[in-house]
Each structure stands twice: as C-alpha cells, then as structure tokens.
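The structure appears right after this line, and notes come after that.
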Amino acid sequence: MRILGLDYGEKRIGVAVCDELGFTAQGLPTIERKSKKHDLEILAAVIKNYDIEKIVIGYPVRLDGSEGIQCKKVNRFSMLLTATFSLSVIKWPETLSTKEAEEILISSGVHWRKRKKKIDKLAACIILQNYLDSFSNKSVN
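Each residue of the sequence shown is one higher than the last, beginning at 123 in the working numbering.
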C-alpha cells in the first residue's frame, strides 16, 4: 500500500511517499502553493504516479493537545482532499515536526538558505515515518 504524507503550510506543502511495503518514507518535491487548483493538480499527478491509496496529513495540535487555527485549515484541506480524490485522509499529530526537521538539517550542516527549500519535504517525511512506525508489525492496513 502506497501512502502519501503531507506537511500542509501557508506557502508550501511538504510531500513524502512510502515505499510499496510501507517501511520507509521518502521525500518528493515540495509544492509551492499558488492556488487550490494548482495544488490539487500536482497532488493528483503524485497520487496517480505512485498509485496512492491513503493520505496522512500532519495535524498541528498544540503541545497541550488543543487545536489552534492551523488545525481548522488542515481540516478544511483534508475535506477537500477526501472530496477530490475519494481517498482516506488521516490527520496525524505533527507537533514539532518542522522543528525536528530543522534540527536534523542544522546538525547535517545544511546552510540556512538551503534549509528553507528542504525543511517542508523533511517534515513530511517525519510525519509519514512516524505514522508508519506506529504500527508495530509494519502493517498499515
């Protein structure tokens, strides 16, 4: 089962996909947001090319577990994805995934200018990998 992982943001959408066995997440090019139509066209191509069966989207709950304004935006986008692609969309807690991605890039010696281009893709990988790792037997059905 191929699963798509998304890190939804105001300016960019980080994108990742898992391997066919559901073990590892790999990053895909980040979507620079222009319009809903543009974003959905790119996602449609990814879904078709990778034969995606499920979408996992980062859900930015606060550290105390409450939902903020960004959660409402993710909820709206998740409903749009479900309606457009007729796929299951799972909202996965992503608290601090972008910070974790930034720390990985800093510790890897990536220059700050290049970090901006890579951070959303890495955050999407972290979200998807955390989802995959939550299944002790690695079965994501």
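Positions of the beta carbon are idealized from the N, C-alpha and C atoms, including for glycine.
| Query | Result |
| --- | --- |
| Locate the beta strand (DSSP E) running through K176, then write down its first and last residues. | 174-181 |
| Go ahead and label P151 buried or exposed: buried means 16 or more other beta carbons lie within 10 angstroms of its beta carbon, across all protein chains shown. | exposed |
| Relative to the C-alpha of G136, which candidate in I241, K176, L202 has its C-alpha closest? | I241 |
| One question on the structure: do L128 and I164 come within less than 9 Å of each other, judged by their Cβ atoms? | no |
| Here's a check: name, in chain order, each residue in its chain whose Cβ is nearer than 6 Å to the Cβ of I226, leaving out the five neighbours to either side. | none |
| So what's E154 in DSSP terms, helix, strand or just coil? | strand |
| With 16 as the cutoff for other CB atoms within 10 Å, does V262 come out buried or exposed? | Unreliable placement is indicated for V262, whose pLDDT of 49 sits below 50; no coordinate value is reported for it. |
| Does DSSP classify V262 as helix, strand or coil? | Unreliable positioning characterises V262 in this predicted model, as indicated by a pLDDT of 49, which lies under 50. The coordinate reading is nonetheless provided below. In the structure shown, V262 sits in coil (DSSP, three-state: anything other than H, G, I, E or B). |
| Distance check for L162 and T314, CA to CA, integer angstroms please. | Given that the chain is displayed from residue 123 to residue 263, the structure contains no residue 314 and the question cannot be resolved. |
| Rounding to the nearest angstrom, what Cα-Cα distance links K260 and M201 in this structure? | Interpretation of K260 is limited by its pLDDT of 48, a score under 50 that renders its predicted location unreliable; no figure is taken from the coordinates. |
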